[in-house]
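With our numbering applied, the sequence shown corresponds to residues 71 to 173, in that order.
Don't be surprised by glycine CBs; every beta carbon is placed ideally from N, CA and C.
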Amino acid sequence: MAIPQLSPEARAEALEKAKAARIKRAEVREELKTGKLTVAQVLAMREDPIVGRMKISTLIETLPGYGKAKAERIMRELQIAESRRIRGIGERQREALLARLTK
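Shown next, in the form of structure tokens:
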């Protein structure tokens, strides 16, 4: 599939939209890290078009005391695909993830 050619205005608009999405996801991660948001609250934001696109692995890695290795192990144990995003997680996976992270 060929990449569509964008006009300079459309490209600038797309870049600005992507920047805003990155900023919002960073804010959510920061609030999660500082305790202003819980994992359950973030998972409940699955319908948000920006937060819903955050990877589950990124969500786990954001938590205090969790790094890449722990996140990978949890994802493997719960049989959640590495590419899975908040919007695409099933109800049983969501419940298992919450149970695992809120021990």
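Assignment of alpha helix (DSSP H) within the region 95 to 130, counting only whole runs of 4 or more residues, yields 109 to 114 in chain order. Between L107 and R164, the CB-CB gap reaches or exceeds 8 Å.
Within the model, the alpha-carbon separation for S77 versus A84 is close to 10 Å. Within 10 angstroms of the beta-carbon of T172 lie fewer than 16 other beta-carbons, which makes it exposed. K89 and D118 have their C-alpha atoms spaced approximately 16 Å apart. Around the beta carbon of T104, fewer than 16 other beta carbons lie within 10 angstroms, which makes this residue exposed. Judged by DSSP secondary structure, E161 falls within the alpha helix (DSSP H) whose first and last residues are 161 to 171. Per DSSP, the beta bridge partners of R155 are K125. Membership of I144 in the alpha helix (DSSP H) is indicated by the continuous run 138 to 147.
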